[in-house]
Structures are given as structure tokens and as C-alpha cells.
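Here the structure comes first, spelled out in C-alpha cells, and everything after it is commentary.
Number of protein chains: 2
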Amino acid sequence: MLTKLFSPRSIAIIGVSSRSVRFGGSSFLARLLEARFAGAVYPIHPKSEEIQGIKAYPDLTSLPEIPDLAIVSLAAVQVPAVLESCGRIGVQRVHILSSGFSETGTTEGRALERQIAGIAEHYQLQVVGPNCMGPYCPGTRLTAYGVSPGLIGRLGIISQSGGLTQRLTEYAASLNVGVSKAISMGNGTVLDVCDYLEFMANDDETDLIALYLEQVRDSRRFLTQVSAITPIKPIILLKAGRSEAGARTVGSHTGAMAGNRQIWEAVSRQTRLVTVRSLDEWMDTIMAFYHLPPLLTNGVFIASAGGGMSAINSDLCTDAGLSIPPLTQQTRVALTDIVSAVGSIVGNPLDSFDAVFHPQLLFRVIDQILPDPNIGLVMVDQLVPRGIYHLTDQQDRTAEIVRQIRSRPSAKPIVFSVDGEGCNQELTQQAIRVRRTLCDAGIPAFPSLERSARALGHVYRYYHRQTP
Amino acid sequence: MLTKLFSPRSIAIIGVSSRSVRFGGSSFLARLLEARFAGAVYPIHPKSEEIQGIKAYPDLTSLPEIPDLAIVSLAAVQVPAVLESCGRIGVQRVHILSSGFSETGTTEGRALERQIAGIAEHYQLQVVGPNCMGPYCPGTRLTAYGVSPGLIGRLGIISQSGGLTQRLTEYAASLNVGVSKAISMGNGTVLDVCDYLEFMANDDETDLIALYLEQVRDSRRFLTQVSAITPIKPIILLKAGRSEAGARTVGSHTGAMAGNRQIWEAVSRQTRLVTVRSLDEWMDTIMAFYHLPPLLTNGVFIASAGGGMSAINSDLCTDAGLSIPPLTQQTRVALTDIVSAVGSIVGNPLDSFDAVFHPQLLFRVIDQILPDPNIGLVMVDQLVPRGIYHLTDQQDRTAEIVRQIRSRPSAKPIVFSVDGEGCNQELTQQAIRVRRTLCDAGIPAFPSLERSARALGHVYRYYHRQTP
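So the sequence lines, in the order shown, correspond to chains A and B.
Each residue of the first sequence is one higher than the one before, starting from 1 at the first, in our numbering.
Each residue of the second sequence is one higher than the one before, starting from 1001 at the first, in our numbering.
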């Protein structure tokens, strides 16, 4: 039912400056034109006949057609009247970009928001917002915010923060995680999180849902929905307002009460919802779900370089809820034939500079490991080869890693972590190049094993959750 | 007493390949020469008269002087005899690079290690290792491993992992955190962690100690030392072998028993030891201690851009043990005069794109905040200006931030976080450039507010710890 919100054939923008491009109607217009949005775009301006090189119209009634979507970027006090005109002429979808409503905490703001709700109900309008960035869809080049050009993919995003939505689209694209549809929903006065969840649940282009929430109004419907959706499409929730200070911020941001801890505990306990705490954890976990098949067990085989790092990696995996099963005697013997035991530790974790720097060796090791029924996952703590390791051969062998993985279709995932370490430009660029090459091939590559383990722990618990 | 270990006037290297430079004696020699180590370097080789362009000697007795330090990189079985010769001719300090001792878990390995202990005791030798990278000191250009040229500074490093030592020196240098002395101590057969701790405690060039440990043998002495040192010099401990799998790895790495949980709990409870879990947490925490004065309270003022990010940042700070005190009515009013309330949230956290992108505005805000007795710390979640935020002005204003901080001597620290976000090369390079500029000015800059909060939580607890 919300399909057209993400694929409008025509968009009117009300509240476009005729002089400069600044945040609001004019920057949305500029970005739609820059993205070569496929449909018609109609800037509305009382006086100008042309804005940013395209024809402008004095009001909604003078447009050559009824637009599929109107974007409103006016002072809050002017919004109800515009919404009323939309309803009268038959515009069915309105994205209210303006803020200045209940999130201000003022009587006036709340009253304006109630007016919006009333008008929307009267005309049966689909209203997005207010106080938000609205719909985003790389497939239709509706990318007036967020990364542009967008990367088309299977991730749906529903968010009560426009800023987080645009950052997530950008972050995800850099890791080869594409977006089907994203919605920045703001105060959710008319269309609320449950409406968007229902839409994403039924959307064939969406396999996985990222959710940023400050509150839900209808907690019963939310719980029912999440219970029904999560067994089919994982939902990765970044929940704000867990702390007292966070709840205070949430109140000023979207006018929400961060709400009842009990609701959230019930949702977490009774459903397969995956809950995370930070932007990085959100993205890492999304990437893991996006690229990986189900995890059969939580047993991980770790390949690292260095005994200290191997020990720390074992601790970090354990902290994240993964296990590091000892190898069978038979596997140990087989590995000893492949990897020299001097200066290495043949076991799980495997500590071997040779294996980490030589993919052919690494995958001979991995071939011995994959049949082990205790192992569900391989984690390689890949190092960028560099002089500091006394290496004379510092060739980047990432392409060979990709080739090896592609030639070895396995139901057991192999993931990588590649540290960049600090503010060393050259090293960090190399690390990013390696990660990018892997991600582009659909192989999850994280910036540290700590983050890799945290994300994979979520994936494991999702697939092995006992829900009542 | 260990001073000369870090500032030897002459070094003999036993076990140098005459043909190729590969890990071991020959790579240590190559790196010492490359670093222009100030003293004399004597490669020992039975046949070659010259190695890597310098004169080689057939044995220790033919050297023109008794070297201050000998580095031994021979097969384990040959090490006791060499150690014996060192003792006989009066070499007092020996770094055994070779592995193949108790860490192999074999009877032979353990026997060889006992032999070493016996010879060392007989001749009263200072033996570092075996199975380690040995001493590192940027001040004397003793940088045969680790980052080279080294950055001279006030951080001391004691580590049971050579790999982690070299990574930490490299990581730290990239963040303008310099090293006084570092020791990779390996199996600690003779000189053990307590000896190095005693040395660093009394070393005038060391203000702060980073410790990587798998075990301690003499837990009573360790507890006494840590109790005495930590009130004066913070010790940041990365402890491996917390988990069963980690303990298993530790056993194969340095032959250690990861040991008794009770000892570690007692040390954590009774001392001001700061314990961390990962390389990144270690480095972040070290950087925070290195650059910052004591924290007076745990109250933090957060400046971010975006309401969602502000709410998440509040939650993350709370998780880390910091508090986000609401502003007084008076301060709120004062801030409202500075920052527009529309599209922003004037409070703590402050949500303002304007403030985050305009240092002059940001520091007008900070000037209102600093006198507040509830605030002990300012955290700025700095964004890299970019098109995605609909910004036309994307100037890098980091130099202005540095200027503002320098013109405002304050006992209350101001720290920054700058996200790079994923594998976007351009964005990440910009973020690193900003962080580097800040770190170079002695202003801690972290890759995310999540990591910033985690590090600052450690700093706060260190200064406000009630120890029995």
C-alpha cells in the first residue's frame, strides 16, 4: 500500500528557496535533480517561474497533474494549510520535512501536530513525518538524502532519525550492502513504525530490516508484528533512550517518551529481534546478516598471526557468545603437515603468520577444518602485510583470497577482520582496500575481530533462539 | 638496573644468516642498521667476514669489546651453549629471540628452558626471553622491531607478546603517543614481569605503563607492586586467557598457565589497575590517559549533530559509566542565544549541526558549559563535513579547533570522536586527517563516540576508585 511512496512518478516540492540552495526544499530539489530522479519534479514558488533550471509553479492547483508525492518544507505554522490543499486536490502522499511540532515540547507545536493528524484522517492522506527526511529508494533514484547514487539491495531501513538513516545508507553502500527502501519517519504522527514494518514485511525486495527506534506508540501491535516478521526477515534494532539521559534527548527529538522498559524486555524475550547499541554495531550486524547463510553452530575456527593476538581473539569470541572448540587430534596432525609448528601454534586458534599472509596455505588449512562438525564458522584475523612484521614480500593477496573462497562453495561462512590501526594513512588505506575487495565479493570484512565477533554472536543467537 | 638493556652501547647478534634477510638475527640486524642504531653492531657468523655491509666476527671471543647486549637467534638446542659463552666472557645482558622452549609443551623444550635458567643464575645474567622480541627504545634507536623510527614519549610497554608490542608501538605512534621503553618478555624465564614493572616504576621517562599479560608467576609480588605503582603511574592491562579457549592458547604461546581467576579478581579489586579486553580498547585507553589531566567528575557535556545520534551517544556514555547532567536553566537560556533551536536540541547532549561544523560557534557553547561544576569533560562527536549532509560549505576547520583549544587552557578535558564509516576511502581519509591533526596537538580523537566513552569511563574510574 505504501509502494508509491517509494516510486512516485511525480513529486511537488513546497517550500523551495528561489535564491540559494540550503537545507530544506531547495536542497531536496537539488539532490533529486542531481540523482536524475526518473519522474517529474515540480518546485512550487509563489513568484519564481524557474528554479534550479526547471519550471516552477505558483501553487499546487496550477500543476499539470496531481503529483504522486508532495514534499513540504515550510515553517510549521504553514503546514496545516498546505496539507489541507493537498487533500482537496487529491494528492495522496505527503512528506512533511518541516520540524517545529510536538518535538519542541510547546503547546503550539503539539496543537499543530494534532491539526495534521486531523487533516490526514479527513482526507485519508498518507503523511510521512513531520520532522523527518522521508522516503529513500535507490531503485527509483529517490535519493534526495542519504548516499547518492544509492546502492540497490535487499536491506530495508525504518528510522526515527533522518541523520542515522543517511549515515546508514552511506556506511552500508561502502560495504556493498544495498538498500531496497528506507524511511525516515520523524514524529510518526500518521504513518507510524508499525505501518512501515507491515510494508517492509510484505515487500519482496526486502530481506532484512534495520530499525532505529526511540519509541513505539502501539506496543501490542508492535510486539505481534515483530513476532511474526523476525522468523522470516531478521530485524536489527538500534534502540535509543535506554538511559535516562538518552530518554531525555528522545523526548526533545521526536517528542517521544522513550517508554516502558517492560515493553522492550518483552519484545526482546519473546521475539527474535536483534538489538544493538551503536551505529558501528548496527552496521556490522547488518553486514553479517546480509552476506551470510545461517550459522549451524557457534563453533568458530580462528586463524590469526601472533600468539598474543590469538589468545585475545579467543577471549573476545567467547565474550561474544561464540565457542572455540579444540581441534581433533586428527585435524591437528593434518595441520602440522601444512603449517610449520615453530613460531606458530597449531590448534584453534591457529597462530601462523605464514597462513595469514599466504591464501593458498590458508585455504589448505581451511579445507581441513570445514568438515569438522564442531566448527560452524571460520574467522580470519587478516593482517595488512607490512615492514613492521619483518616481511620483505608485502604483496596484497586479497584477490587470491576471493578466488579461493569462490572456488569453495561452503555452507559454513568464512569472515575476515582487517585492522587499520589508528591514524596511519597508508596502513589504513591498505586495510580499507582489502576490506572493500572482500565486501565487494560478498565476504564480510570487519575492521577488527572484536567487532566481527560481536556481530557474529548476534547472527548465531538469532538462528538458535528458543522463543516461547 | 635494567637501564643498559634499553641503551646498550654495543650489540652482538648471534644467528645471522649471511645470505638472505629473513625473520630472526638477519632481520634484526637489518632493522638496527636501517634505524641507524647509535652503538656498535657485531654480527657473529662462523664463516662470513661481512654481512649486510658490516664486518662480521666468527665468535664472541673475537669481538673488539665485550658487548653490552647479545641477541641470540639460533635453534633452541644451541642456545644454552651460547649463553654459557656469554657468561664466561662477561656479556651481562642476553636477549633470546629463539622459540622452541617450554611453550612447545615438550619435555625437551622444558628441559632447555631449565638449562637457561641455571646458566643465567650461575653467571648472574640478565636474560630476556626466550621466545620474544626483546627490548625496544626509540630514544636510543634500538628499534629492531616495532615502528621505526620510533616516537619518543612517556609510555612504557611490558608485554608477553612480541606481536602485540610491535602493533602497539605502531598504533600509538600514529596517535602521537610516544614510547619511553618497551619490552617483549616472552617466557620470562629469568627476567619476569615483576622485574620489568619495578624498572618502569622507577624510570623517570615513563609516566604510564601498558601491560600485556598471559600469566604472572609471583602473584604476591605482582599484587604488591601493582598496588604501589598504580596510584602514581596508571597501568593499563590487556589480560589474555580470560576464557577457557584463551587460556589454552596462552599455554601454547608462552608456556603459561593463564592462572587463577582469584588472583586477577584480587588485583582488580584491591588496586587501581585498569583492565581492558582488546587491542583497540587498550590503545584508546592509553591515549586518553596519555593526553588528559585527571577527570574531576564523570559528568560529560556531549555535542553531536542529529537528534538520533545524540540520544544514542547519551546511552553509550551512560553504559560506559559517565553521566550526562541536564543543563541548568541559566545555561540553557545562554545556549539558546548562541544556537538556533529549530532543527537542533539545546540541552545536554547538544544536537546542533551548526555547532559541530563551526568551531567558533562550538567554543562559544563550550565557554558557557565549562564553568558548570557538574561537567568534568566535553565530548564532541565531530562529523566530517560532506555532501550527504546537504552542506555546500565543506571546509575542514580542524586547525581552528586546535587554535580554540589552545587559547582556552582548561582543567576540563575536551575530546573528539570522528567516524570514518566503513570502506569509503575518501571519507575515511578525511576522518583520519582530522583525527591526526587533533592527536598531533595532544587532543585525544577517537574513531567513534562509543570507543571514546569506553576509554573515558576507564579514566574516570581510575581517578575515583575507592581502594581498600
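All C-beta atoms, glycine included, are put in the ideal place defined by N, C-alpha and C.
message = Looking at alanine 320 (chain A): is its Cβ nearer than 9 Å to the Cβ of alanine 445 (chain A)?
response = no
task = For the beta strand (DSSP E) holding histidine 95 (chain A), just list the boundary residues, first then last.
result = 93-96
key: Short CB-CB distance (under 9 Å) between asparagine 1374 (chain B) and chain A   = no
query = Using the C-alpha atoms, what's the distance from aspartate 207 (chain A) back to serine 1184 (chain B)?
reply = 49 Å
task = Flag this pair as yes or no: are the beta carbons of aspartate 1315 (chain B) and arginine 242 (chain A) separated by less than 9 Å?
result = yes
query = In the DSSP assignment, what residue or residues form a beta bridge with alanine 1445 (chain B)?
reply = B:Phe1416
task = Would you kindly work out how many angstroms separate the C-alpha atoms of tyrosine 460 (chain A) and isoleucine 1312 (chain B), rounded to a whole number?
result = 25 Å
task = Indicate whether at least one CB of chain B lies closer than 9 Å to the CB of serine 352 (chain A).
result = no
task = Determine the direct distance from the alpha carbon of proline 385 (chain A) to that of serine 352 (chain A), and round the result to whole angstroms.
result = 13 Å
request  = Could you spell out the range, first to last residue, of the beta strand (DSSP E) harbouring serine 184 (chain A)?
outcome  = 179-184
query = Is the shortest distance between the beta-carbon of glutamate 108 (chain A) and the beta-carbons of chain B less than 9 Å?
reply = no
inquiry  = Given this structure, state the Cα-to-Cα distance separating alanine 399 (chain A) from aspartate 203 (chain A), to the nearest angstrom.
reply    = 35 Å
inquiry  = Is there a Cβ of chain A sitting closer than 9 Å to that of threonine 1318 (chain B), yes or no?
reply    = yes
task = Would you give the residue range spanned by the beta strand (DSSP E) that valine 378 (chain A) belongs to?
result = 377-382
key: Terminal residues of the alpha helix (DSSP H) in which glutamine 1368 (chain B) lies   = 1359-1369
message = Does any residue of chain A have a CB that is nearer than 9 Å to the CB of isoleucine 1013 (chain B)?
response = no
First and last residue of the uninterrupted alpha helix (DSSP H) at tyrosine 1290 (chain B) = 1279-1291
request  = Work out the CA separation of valine 1127 (chain B) and phenylalanine 1037 (chain B) for me, nearest whole Å.
outcome  = 21 Å
inquiry  = I'd like to confirm the pairing. Which residues does DSSP put opposite glutamine 1126 (chain B) in its beta bridges?
reply    = B:Arg1093
key: Distance, cysteine 1439 (chain B) Cα to phenylalanine 1006 (chain B) Cα   = 27 Å
message = By the three-class DSSP mapping on this structure, what secondary structure does alanine 210 (chain A) have?
response = strand
request  = Have a look at the DSSP bridge pairing and note the partners of lysine 1055 (chain B).
outcome  = B:Glu1050
task = Keeping to the same chain, check which residues put their C-beta closer than 7 Å to that of leucine 1502 (chain B); ignore five residues upstream and five downstream.
result = This structure does not reach residue 1502 (chain B), given that chain B is present from 1001 up to 1468, and the question cannot be answered.
inquiry  = With a threshold of 9 Å between beta-carbons, can cysteine 1086 (chain B) be considered close to chain A, or not?
reply    = no
key: Pairwise C-alpha distance: glycine 1025 (chain B) and alanine 1075 (chain B)   = 11 Å
task = Give me whichever residues DSSP pairs with serine 10 (chain A) in a beta bridge.
result = A:Ala40
Against chain B: residues of the region 155-166 of chain A by CB proximity under 8 Å = Ser159, Gln160, Ser161, Gly162, Gly163, Leu164 and Gln166
ask   = By DSSP, does alanine 1303 (chain B) sit in helix, in strand, or in coil?
value = strand
message = Taking 9 Å as the threshold (beta carbon to beta carbon), is glycine 146 (chain A) in contact with chain B?
response = yes
query = How would you label proline 468 (chain A), buried or exposed, when you count the other beta carbons within 10 angstroms and need 16 or more for buried?
reply = A caution first: proline 468 (chain A) carries a pLDDT of 47, below 50, which makes its placement in the model unreliable, though a value can still be read off. Exposed, since its Cβ has fewer than 16 Cβ neighbours within 10 Å.
key: Three CB pairs or more closer than 8 Å across the region 363-371 of chain A and the region 281-298 of chain A   = no
request  = Give the secondary structure of arginine 1397 (chain B) by DSSP, where H, G and I count as helix, E and B as strand, and everything else as coil.
outcome  = coil
For glycine 1039 (chain B), the nearest candidate out of B:Pro1413, B:Lys1233 and B:Ser1010 (CA to CA) = B:Ser1010
query = Whose CA, out of A:Phe289, A:Ile229 and A:Gly163, lies closest to the CA of glutamine 270 (chain A)?
reply = A:Ile229
request  = Below 8 Å CB to CB, which residues in the same chain sit around proline 1234 (chain B) once its five sequence neighbours on both sides are set aside?
outcome  = Leu1208, Ile1209, Arg1272, Val1274, Phe1289 and Tyr1462
ask   = Would you say threonine 249 (chain A) faces chain B, with C-beta separation under 9 Å as the test?
value = yes
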